[in-house]
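482 is the number of the first residue of the sequence shown in this note's numbering; add one for each residue after it.
We treat Cβ as the ideally placed atom computed from N, Cα and C, and that holds for glycine.
Shown next, in structure tokens, is the structure this report addresses.
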Amino acid sequence: MPLERPPNALTFDIEDWHQLVEWKIGGRLPACSSHVLRQTYDILEMLASRDLKATFFILALVARAYPGLVRDIAAAGHEIGSHGWSHRLVYRQTPAEFAIETRDAKALLENILGTPIAGYRAAEFSITDESKWALDILAESGFRYDSSIFPVRTRRYGIDGAPQGVHRVKTSSGAEIIELPLTVAHWGDRLYPVGGGGYFRLMPYSVTRSAIARVNAEGRPAVLYFHPYEFSSAWLLPQLSVGQYLRGGRYIVLHNVNRRRNRRRFQRLLGECRFVPAAEIIQRA
């Protein structure tokens, strides 16, 4: 009798694209725009139409601007996790800076909801070999699990050789935290990141679907991640100077490619795979 395929974790990193890009390229942090509000409610409607629950890792800058959005996500039965405070990469912070941002972000979400926050995801998966110290701080801050590590080294993130399944990490201080790694899949003799963000939007749908099936056949859940702006039907253009557009043009274009097709692909995926919040995967581990 074949084994039942495990459910997969459906997660969203809630951040304002305009704020993110204008800070990264233009060096300024504008107020959180209403785009993220409309885009996130759109996601909630898509999930409600299929009676699906997910995990929303919310950036504190968004939560501070729109606390009602955080409450509405929780009221719809979804899990709330922390995406940090400012979207600064972990390995570009000192441990002291990271500790302050992380604890402040967790406290903000807990004050809005009145309930503990168990899960964390770093900006751009920036817990790497160079910033593993962050796991100590997460455990000490009261997080039960982290979902920030890609078990393959890329130019910007990942830890080569890290376990691909849910596992417990003993930190250098002796504390323990559960790691829910992002999904990678073998093609030939190499591992590649799959299952979310630009990987889902830019690669053929069949690649993602095949990778999920392969991971599930091995008895592991896939961990899928998306952002609100990836389902916008219109191109998003930040307020930048001509020079800044020239410097950041490739980044802006890549973030806009395949937006219209992405919604259709996403809805197809929801109908073909089993999805649950990250917390449910952690409970099953």
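Using the three-state DSSP reduction, which class does residue i fall into: helix, strand or coil?
i, result
"Phe707", "strand"
"Ile640", "coil"
"Trp566", "coil"
"Phe681", "helix"
"Trp668", "strand"
"Glu761", "helix"
"Arg509", "coil"
State the start and end residues of the unbroken alpha helix (DSSP H) segment that holds residue i.
i, result
"Ile593", "Pro576 to Leu594"
"Ile495", "Note, Ile495: premise wrong, no alpha helix (DSSP H); beta strand (DSSP E) at Asn489 to Ile495."
"His559", "Note, His559: premise wrong, no alpha helix (DSSP H); not H, not E."
Considering only heavy atoms of the ligand ATP, does any lie closer than 7 Å to the CB of residue i?
i, result
"Glu582", "Here there are no bound small molecules, and the ligand ATP is not part of this structure."
Taking only the alpha-carbon atoms, compute the straight-line gap between residue i and residue j and give it to the nearest angstrom.
i, j, result
"Glu711", "Asn737", "8 Å"
"Arg765", "Val757", "11 Å"
"Leu616", "Arg749", "35 Å"
"Leu727", "Ala694", "40 Å"
"Asn697", "Gly676", "13 Å"
Which residues in the same chain as residue i place their Cβ atom closer than 6 Å to its Cβ, once the five residues preceding and following it in sequence are excluded?
i, result
"Ile733", "none"
"Gly507", "Leu721 and Gln725"
"Val647", "Leu661 and Ala766"
"Lys651", "Glu657"
"Ala555", "Ile561 and Leu594"
Got a sec? Which residues, its chain only, sit under 8 Å from residue i by beta carbon, not counting five neighbours each side?
i, result
"Leu590", "Ile539, Ala541, Ala544, Val551, Ile561, Ser563 and Ile598"
"Ser514", "Asp497, His499 and Gln500"
Once the 5 residues before and after residue i are set aside, which same chain residues still bring their CB inside 7 Å of it?
i, result
"Arg602", "Asp494, Phe538, Gly562, His564, Ser628 and Ser629"
"Glu611", "Tyr572"
"Pro576", "Trp614 and Ile618"
Measure the Cβ-Cβ separation of residue i and residue j and say whether it is below 8 Å.
i, j, result
"Phe606", "Tyr638", "yes"
"Ile659", "Pro702", "no"
"Ala490", "Val704", "yes"
From what residue to what residue does the beta strand (DSSP E) around residue i run?
i, result
"Thr536", "Thr536 to Ile539"
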